[in-house]
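Worksheet: one structure, shown below.
Protein chains: 4
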Amino acid sequence: MQRAAVRLFARKGFAATGIRELGTAAGINSATLYHYAGGGKEELLVTIMRTCLDELLRAGRAAVASTDDPARQLGALIASHVGISAVNPLTAQVTDQEMRSLSPENRRSLVALRDDYESLFGAVLERGVRTGAFHVTDVHLARLAILEMCNGVAHWFRPDGRSSVADVQARFVEFGCRVAGAVPGHEPRALPPPIRLDIEPADTDREEATA
Amino acid sequence: MQRAAVRLFARKGFAATGIRELGTAAGINSATLYHYAGGGKEELLVTIMRTCLDELLRAGRAAVASTDDPARQLGALIASHVGISAVNPLTAQVTDQEMRSLSPENRRSLVALRDDYESLFGAVLERGVRTGAFHVTDVHLARLAILEMCNGVAHWFRPDGRSSVADVQARFVEFGCRVAGAVPGHEPRALPPPIRLDIEPADTDREEATA
Amino acid sequence: MQRAAVRLFARKGFAATGIRELGTAAGINSATLYHYAGGGKEELLVTIMRTCLDELLRAGRAAVASTDDPARQLGALIASHVGISAVNPLTAQVTDQEMRSLSPENRRSLVALRDDYESLFGAVLERGVRTGAFHVTDVHLARLAILEMCNGVAHWFRPDGRSSVADVQARFVEFGCRVAGAVPGHEPRALPPPIRLDIEPADTDREEATA
Amino acid sequence: MQRAAVRLFARKGFAATGIRELGTAAGINSATLYHYAGGGKEELLVTIMRTCLDELLRAGRAAVASTDDPARQLGALIASHVGISAVNPLTAQVTDQEMRSLSPENRRSLVALRDDYESLFGAVLERGVRTGAFHVTDVHLARLAILEMCNGVAHWFRPDGRSSVADVQARFVEFGCRVAGAVPGHEPRALPPPIRLDIEPADTDREEATA
DNA sequence: GATGAATGAGGATTCATTCAT
DNA sequence: GATGAATGAATCCTCATTCAT
Numbered sequence: 037m038q039r040a041a042v043r044l045f046a047r048k049g050f051a052a053t054g055i056r057e058l059g060t061a062a063g064i065n066s067a068t069l070y071h072y073a074g075g076g077k078e079e080l081l082v083t084i085m086r087t088c089l090d091e092l093l094r095a096g097r098a099a100v101a102s103t104d105d106p107a108r109q110l111g112a113l114i115a116s117h118v119g120i121s122a123v124n125p126l127t128a129q130v131t132d133q134e135m136r137s138l139s140p141e142n143r144r145s146l147v148a149l150r151d152d153y154e155s156l157f158g159a160v161l162e163r164g165v166r167t168g169a170f171h172v173t174d175v176h177l178a179r180l181a182i183l184e185m186c187n188g189v190a191h192w193f194r195p196d197g198r199s200s201v202a203d204v205q206a207r208f209v210e211f212g213c214r215v216a217g218a219v220p221g222h223e224p225r226a227l228p229p230p231i232r233l234d235i236e237p238a239d240t241d242r243e244e245a246t247a
Numbered sequence: 037m038q039r040a041a042v043r044l045f046a047r048k049g050f051a052a053t054g055i056r057e058l059g060t061a062a063g064i065n066s067a068t069l070y071h072y073a074g075g076g077k078e079e080l081l082v083t084i085m086r087t088c089l090d091e092l093l094r095a096g097r098a099a100v101a102s103t104d105d106p107a108r109q110l111g112a113l114i115a116s117h118v119g120i121s122a123v124n125p126l127t128a129q130v131t132d133q134e135m136r137s138l139s140p141e142n143r144r145s146l147v148a149l150r151d152d153y154e155s156l157f158g159a160v161l162e163r164g165v166r167t168g169a170f171h172v173t174d175v176h177l178a179r180l181a182i183l184e185m186c187n188g189v190a191h192w193f194r195p196d197g198r199s200s201v202a203d204v205q206a207r208f209v210e211f212g213c214r215v216a217g218a219v220p221g222h223e224p225r226a227l228p229p230p231i232r233l234d235i236e237p238a239d240t241d242r243e244e245a246t247a
Numbered sequence: 037m038q039r040a041a042v043r044l045f046a047r048k049g050f051a052a053t054g055i056r057e058l059g060t061a062a063g064i065n066s067a068t069l070y071h072y073a074g075g076g077k078e079e080l081l082v083t084i085m086r087t088c089l090d091e092l093l094r095a096g097r098a099a100v101a102s103t104d105d106p107a108r109q110l111g112a113l114i115a116s117h118v119g120i121s122a123v124n125p126l127t128a129q130v131t132d133q134e135m136r137s138l139s140p141e142n143r144r145s146l147v148a149l150r151d152d153y154e155s156l157f158g159a160v161l162e163r164g165v166r167t168g169a170f171h172v173t174d175v176h177l178a179r180l181a182i183l184e185m186c187n188g189v190a191h192w193f194r195p196d197g198r199s200s201v202a203d204v205q206a207r208f209v210e211f212g213c214r215v216a217g218a219v220p221g222h223e224p225r226a227l228p229p230p231i232r233l234d235i236e237p238a239d240t241d242r243e244e245a246t247a
Numbered sequence: 037m038q039r040a041a042v043r044l045f046a047r048k049g050f051a052a053t054g055i056r057e058l059g060t061a062a063g064i065n066s067a068t069l070y071h072y073a074g075g076g077k078e079e080l081l082v083t084i085m086r087t088c089l090d091e092l093l094r095a096g097r098a099a100v101a102s103t104d105d106p107a108r109q110l111g112a113l114i115a116s117h118v119g120i121s122a123v124n125p126l127t128a129q130v131t132d133q134e135m136r137s138l139s140p141e142n143r144r145s146l147v148a149l150r151d152d153y154e155s156l157f158g159a160v161l162e163r164g165v166r167t168g169a170f171h172v173t174d175v176h177l178a179r180l181a182i183l184e185m186c187n188g189v190a191h192w193f194r195p196d197g198r199s200s201v202a203d204v205q206a207r208f209v210e211f212g213c214r215v216a217g218a219v220p221g222h223e224p225r226a227l228p229p230p231i232r233l234d235i236e237p238a239d240t241d242r243e244e245a246t247a
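Structure, rendered in structure tokens:
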């Protein structure tokens, strides 16, 4: 059921997805849906976003904790983010795009979660600038650039595309470090492979994409 | 009227925006809207997206034509894209996010337009790699990374934020060239300032942002 | 303009015909229509029906007055009715079918007109029965049968069909007299040819028909 | 619900009947209507017309099969048609008048059904003319005259009127045979009484009528 | 005389949701 | 646990009509 929600929200958007549609896609009656998600459509969305952000945050913190070297920290963060986005593209896409569809209360808590997560990047960058590991004129803009670059992965990545998850991770780590002005050679240590969330639909059928 | 549509579509999304709401925001009756946009909501969206993509394409081609040096071409493209996105953030945001809300016919033509535009980046990158101006392992991924990085500007840029349009342009040109592995020193020539589209709402009132 | 109204009312029905549609078909703006027909759609319909009923009544009275012989009177009435219906099929069709679309006041006066007309048939039949010219068990039912038979002409008659107006008139006079149980041989005298109303559209384009 | 639809369609016409109105008349919310008739108004109309035409066709075939004598066949056909029309006047009226309100696909199939039915009359008439049972100059016109005469019954018949169903049947059989020029004395055998369709509203409340 | 702009009311239909079964 | 029935509110859109130009 969650999987069906992820797929439809990703394909058509939250607002454009009907609750009957969700039921049909999940193989249940639309009324039955209220047994499992008493809060209706929005509860489904909240669960999706929270699941994704929780995992991003968990993996991100682990990435930061995996080393003391700012360049390696940044690389690990990017690898983590890109990995999760590539392995769970629909979930990540929904999480990235549907913040505006939430009611104020839910938005508040999830925005806070997202801000927590994004601050990981900010902190690493700032420390790296102080230690001389990075060379950027404006840390703030660098953080935004790197984050959006990574978020984009969820939009275009296709499991059957020309690049593997590992490829994309490696390239984007490189891109991110370049943006940060890091001196090369600080490859991040091998990290645990990105976890496939169980809310991510199996058959990733999306229309357009270009990976 | 178009301006009201841009604002609402950007804030709430196309599907979540009612036609009564559009009327109210434009100060007219919702029925009157059909005098000017016989095609209803979708016609408004199409106009918005086409206007934006047309301008991106026009400015992008001018950017490419402004020099022969790949690094300067890339810089000019990025400056153009970032400039347009920063000066017309709501329009650009809608254009970037609502492709899925279009009916098949309209989607086809607008996707084609977007692909035309994005291929400008691809062509410049490829030529630069051949000429040795750029150093990237995977041109394809580089193009995606740069484009998404630039698209992001529309999401967070605020005219009253801490960075001016020119600042953001300069930084993102730098970021993009770094991603492409360009050797520094090929600053793009000064380009005509980004054009403010007349469909971009005047008072940029958005909820969250961080520039 | 009246002609356009007749055509559309006949093809789609009064209620299903829009006023913009009427304007377009008449080559004018829908607002201009209110100069000529201040009463809107209904005024057009009333004019159509009154024109048709007036002509039926005028010609019917003339038919009755043309002779004293009941069989010839009946024949003349039928020839008149059938002639008018065949020469003005769309007008007659609308007149026959749209009584229910009228507002109460208009309906009252037009129903009265129609009843006046139909009573011509009733009177002739009754006199014929009294004089022994006709042989029917139930005058009332005979009148209804003959009238509906004749009304039907407007539904199926086609100017380019296999039967000419005169043919249909001759056959239906025969049918009517048979229904009334009239002894043959009382051919009605030649009557003035049916008048083509100027509200009847020129190019009689209807979908199905079978004459 | 179907009954309410028949009543309203007969009284006001299909196009002039609102869906809210249908709901109210059926004692349900207009939205509930879509549970039972997913196709909306038109589905209701199609059901009505198909039900009526199916019964006409069934009974008409039985009538033709009930004897070999053309005059008796014609009489049986007329008795059947008139009987059904008199017992289900509203249903028959709608069936006769609303063909034009159907969408092309539905119209096609229902027109085919109607043509099948009407061809029963044509076949009987033609055979009777060949065998010398009938005497008509133009079979085609005779068929049209008889059919319209019979169709008319649905327009004016009232259960509480001055004529019983059996009376009207007997008179119209007589009228029809006269039109066909049949020699008298071929009374049709007694047929099963006309079936009251369960979509025909119970309390036949119509405004004007004259039986 | 003619029209484009404008609108309130209403059109059919779909919505998310509840509830008895 | 699961669902068909039911509905009020909302959807987009079209309606007939008015009026300033």
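Protein sequence lines correspond, in order, to chains A, B, C and D. Going by my numbering, the residue at position 81 of the first sequence is 117; the numbering climbs one at a time, nothing skipped. Going by my numbering, the residue at position 117 of the second sequence is 153; the numbering climbs one at a time, nothing skipped. Going by my numbering, the residue at position 96 of the third sequence is 132; the numbering climbs one at a time, nothing skipped. Going by my numbering, the residue at position 118 of the fourth sequence is 154; the numbering climbs one at a time, nothing skipped. Where is the CB? At the ideal position from N, CA and C, for every residue including glycine.
What span of residues does the alpha helix (DSSP H) with Glu-78 of chain D cover, start to end? Translated into the one-based positions of the fourth sequence, residue 78 of chain D becomes position 42. Run containing Glu-78 of chain D: 77-101, per the alpha helix (DSSP H) assignment.
Pairing CB atoms from the stretch 39-56 of chain B with CB atoms from the stretch 108-127 of chain B, are three or more of them under 8 Å? Per the Cβ contact rule, the stretch 39-56 of chain B is in contact with the stretch 108-127 of chain B (3 or more Cβ pairs under 8 Å).
Find the nearest neighbour of Ile-235 of chain C within the set C:Leu-81, C:Leu-180, C:Gly-158, C:His-71, judged by alpha-carbon distance. On the third sequence, position 199 is the one that residue 235 of chain C refers to. That would be C:Leu-81, whose Cα lies nearest to the Cα of Ile-235 of chain C.
Leaving out five residues on either side along the sequence, give the residues of the same chain with a beta carbon under 6 Å from the beta carbon of Leu-69 of chain A. The residue given as residue 69 of chain A occupies position 33 in the first sequence. Excluding sequence neighbours, Leu-69 of chain A sits near Gly-59.
For the stretch 212-220 of chain B and the stretch 133-140 of chain B, state whether three or more C-beta atom pairs, one from each stretch, are separated by less than 8 Å. Cβ pair count under 8 Å is below three, so no.
Assess, as a yes-or-no matter, whether the stretch 224-233 of chain D is touched by the stretch 107-114 of chain D under the definition of 3 or more beta carbon pairs within less than 8 Å. Flag = yes, the stretch 107-114 of chain D and the stretch 224-233 of chain D touch.
For Ala-245 of chain D, which residues from the same chain have a beta carbon less than 6 Å from its beta carbon, with the 5 sequence-adjacent residues on both sides left out? Translated into positions along the fourth sequence, residue 245 of chain D becomes position 209. Here Ala-245 of chain D scores only 37 on pLDDT, less than 50, and its place in the model should not be relied on; the value that follows carries that caveat. Same-chain partners within the cutoff: Trp-192, Arg-194.
Whole angstroms is fine: what's the gap from Ala-218 of chain D's alpha carbon to Ala-98 of chain C's? Along the fourth sequence, one-based indexing puts residue 218 of chain D at 182. Along the third sequence, one-based indexing puts residue 98 of chain C at 62. About 33 Å.
Leaving aside the five residues before and after Ala-206 of chain D along the sequence, list all residues of the same chain whose C-beta is less than 7 Å from its C-beta, in chain order. One-based indexing of the fourth sequence puts residue 206 of chain D at position 170. Excluding its 5 nearest sequence neighbours in each direction, Ala-206 of chain D has no C-beta neighbour in its own chain below 7 Å.
One question on the structure: do Gly-188 of chain D and Tyr-153 of chain D come within less than 8 Å of each other, judged by their Cβ atoms? By one-based count along the fourth sequence, residue 188 of chain D stands at place 152. By one-based count along the fourth sequence, residue 153 of chain D stands at place 117. No, they are not a contact pair.
Can you list the residues of chain C that Glu-184 of chain D reaches, using a CB-CB cut of under 9 Å? Within the fourth sequence, residue 184 of chain D is the residue found at index 148, counting from 1. Listed along chain C are Glu-184, Met-185, Cys-186, Asn-187, Gly-188, Val-189, His-191, Trp-192, each with a C-beta nearer than 9 Å to that of Glu-184 of chain D.
Assigned exposure category for His-71 of chain B - 16 Cβ within 10 Å defines buried: Within the second sequence, residue 71 of chain B is the residue found at index 35, counting from 1. Its Cβ having fewer than 16 others within 10 Å, His-71 of chain B is exposed.
Tell me the rounded alpha-carbon separation between Ala-67 of chain A and Ile-64 of chain D. As a working note, residue 67 of chain A is residue 31 in the first sequence. As a working note, residue 64 of chain D is residue 28 in the fourth sequence. Each residue's alpha carbon lies about 21 Å from the other.
Contacts that Lys-48 of chain C makes with chain D (C-beta to C-beta distance below 7 Å): Within the third sequence, numbered from 1, the residue matching residue 48 of chain C stands at position 12. Around Lys-48 of chain C, the beta-carbon contacts reaching into chain D at under 7 Å are Arg-136.
Would you mind giving the Cβ-Cβ distance between Arg-86 of chain A and Leu-146 of chain A, rounded to the nearest angstrom? I have them listed as a contact below 8 Å. Stepping through the first sequence from its first residue, residue 86 of chain A is reached at position 50. Stepping through the first sequence from its first residue, residue 146 of chain A is reached at position 110. At roughly 7 Å, the Cβ-Cβ gap stays under 8 Å, so Arg-86 of chain A and Leu-146 of chain A are in contact.
Identify which residue in D:Pro-230, D:Ala-178, D:Asp-105, D:Gln-133 has its Cα closest to the Cα of Gly-221 of chain D. Along the fourth sequence, one-based indexing puts residue 221 of chain D at 185. When only C-alpha atoms are compared, the closest one is D:Asp-105.
Spatial neighbours of Asp-175 of chain C in its chain, beta-carbon cut-off 8 Å, leaving aside the 5 residues before and after: Here the question's residue 175 of chain C lines up with position 139 in the third sequence. Looking at the sequence provided, one finds Val at residue 175 of chain C rather than Asp. Counting only Cβ-Cβ distances below 8 Å, and skipping sequence neighbours, we find Gly-158, Leu-161, Glu-162, Val-165.
Alpha helix (DSSP H) containing Ile-231 of chain C: first to last residue? Within the third sequence, numbered from 1, the residue matching residue 231 of chain C stands at position 195. From DSSP, Ile-231 of chain C is part of no alpha helix (DSSP H); its letter is neither H nor E.
Kindly provide the ranges of any alpha helix (DSSP H) runs that are 4 or more residues long and lie completely inside the stretch 38-73 of chain A, ordered along the chain. Positions of the alpha helix (DSSP H) runs, each at least 4 residues long and wholly inside the stretch 38-73 of chain A, are given as 38-48, 55-62, 69-72 in order along the chain.
Take Cys-88 of chain C as the anchor and find which of C:Arg-39, C:Val-209, C:Asp-203 has the nearest alpha-carbon. Taking the third sequence and counting its residues from 1, the one referred to as residue 88 of chain C is at position 52. The option with the nearest alpha carbon to Cys-88 of chain C is C:Arg-39.
Where does Asp-196 of chain D land, buried or exposed, given buried means 16+ other C-beta within 10 angstroms? Here residue 196 of chain D refers to the residue found at position 160 of the fourth sequence. Exposed, because fewer than 16 other Cβ atoms sit within 10 Å of the Cβ of Asp-196 of chain D.
Less than 7 Å between C-beta atoms, sequence neighbours within five positions excluded: which residues of the same chain meet that for Ala-73 of chain B? Translated into positions along the second sequence, residue 73 of chain B becomes position 37. So the qualifying residues of the chain are Glu-79, Leu-80.
From what residue to what residue does the alpha helix (DSSP H) around Gly-164 of chain A run? Locating residue 164 of chain A in the first sequence gives position 128, counting from the first residue. Note, Gly-164 of chain A: alpha helix (DSSP H), 140-167.
Helix, strand or coil: how does DSSP classify Asp-241 of chain C here? Locating residue 241 of chain C in the third sequence gives position 205, where the first residue counts as 1. Here the model assigns Asp-241 of chain C a pLDDT of 49, short of 50, so the residue's position is not dependable and the matter cannot be decided.
Could you name the residues of the same chain whose beta carbon sits closer than 8 Å to that of Thr-167 of chain C, not counting the 5 residues immediately before and after it, in chain order? The residue labelled residue 167 of chain C in the question sits at position 131 within the third sequence. Closer than 8 Å at Cβ, skipping near neighbours: Pro-106.
Could you pull out every residue in the same chain whose Cβ sits closer than 6 Å to the Cβ of Ala-122 of chain B, ignoring the five residues on either side in sequence? What you label residue 122 of chain B is simply residue 86 of the second sequence in a count that begins at 1. Correct list, in chain order: Val-189, Phe-193, Val-201, Val-204.
Taking Val-130 of chain D as the query, report the chain C residues whose CB atoms sit under 9 Å from its CB, ordered along the chain. Here residue 130 of chain D corresponds to residue number 94 of the fourth sequence, with the count starting at 1. Residues of chain C passing the Cβ test: none, with the nearest at roughly 12 Å.
Name the residue from C:Thr-53, C:Met-185, C:Thr-131 whose alpha carbon lies nearest to the alpha carbon of Val-118 of chain C. Taking the first residue of the third sequence as position 1, residue 118 of chain C is located at position 82. For Val-118 of chain C, the nearest C-alpha among the options comes from C:Met-185.
Taking only three categories from DSSP, how would you classify Gly-221 of chain A? Within the first sequence, numbered from 1, the residue matching residue 221 of chain A stands at position 185. In the structure shown, Gly-221 of chain A sits in coil (DSSP, three-state: anything other than H, G, I, E or B).
For Ile-84 of chain A versus Ala-148 of chain A, is the C-beta spacing smaller than 8 Å? Position 48 of the first sequence, counting from 1, holds the residue named residue 84 of chain A. Position 112 of the first sequence, counting from 1, holds the residue named residue 148 of chain A. Not a contact, by the Cβ cut-off of 8 Å.
Quick one: grab the DSSP three-state call for Val-215 of chain C. On the third sequence, residue 215 of chain C is found 179 positions in, with the first residue counted as 1. Helix.
Compare the beta carbon distance of Val-100 of chain A and Leu-156 of chain A with 8 Å and say whether it is the shorter of the two. Translated into the one-based positions of the first sequence, residue 100 of chain A becomes position 64. Translated into the one-based positions of the first sequence, residue 156 of chain A becomes position 120. Contact flag set, yes.
Please confirm whether Gln-133 of chain B has its beta-carbon closer than 8 Å to some beta-carbon of chain A. As a first step, residue 133 of chain B must be located in the second sequence, where it is residue number 97. For Gln-133 of chain B, the answer is yes, since a Cβ of chain A falls inside 8 Å of its Cβ.
Would you mind sorting Asp-132 of chain B into buried or exposed? The rule is 16 or more other CB atoms within 10 Å of its CB. Walking along the second sequence from the start, residue 132 of chain B turns up at place 96. By the neighbour-count rule (16 or more Cβ atoms within 10 Å), Asp-132 of chain B is buried.
Could you run through the stretch 162-176 of chain B and flag, in chain order, every residue whose CB is less than 9 Å away from some CB of chain A? When CB distances to chain A are screened at a threshold of 9 Å, the residues of the stretch 162-176 of chain B falling below it are Val-172, Thr-173, Asp-174, His-176, in chain order.
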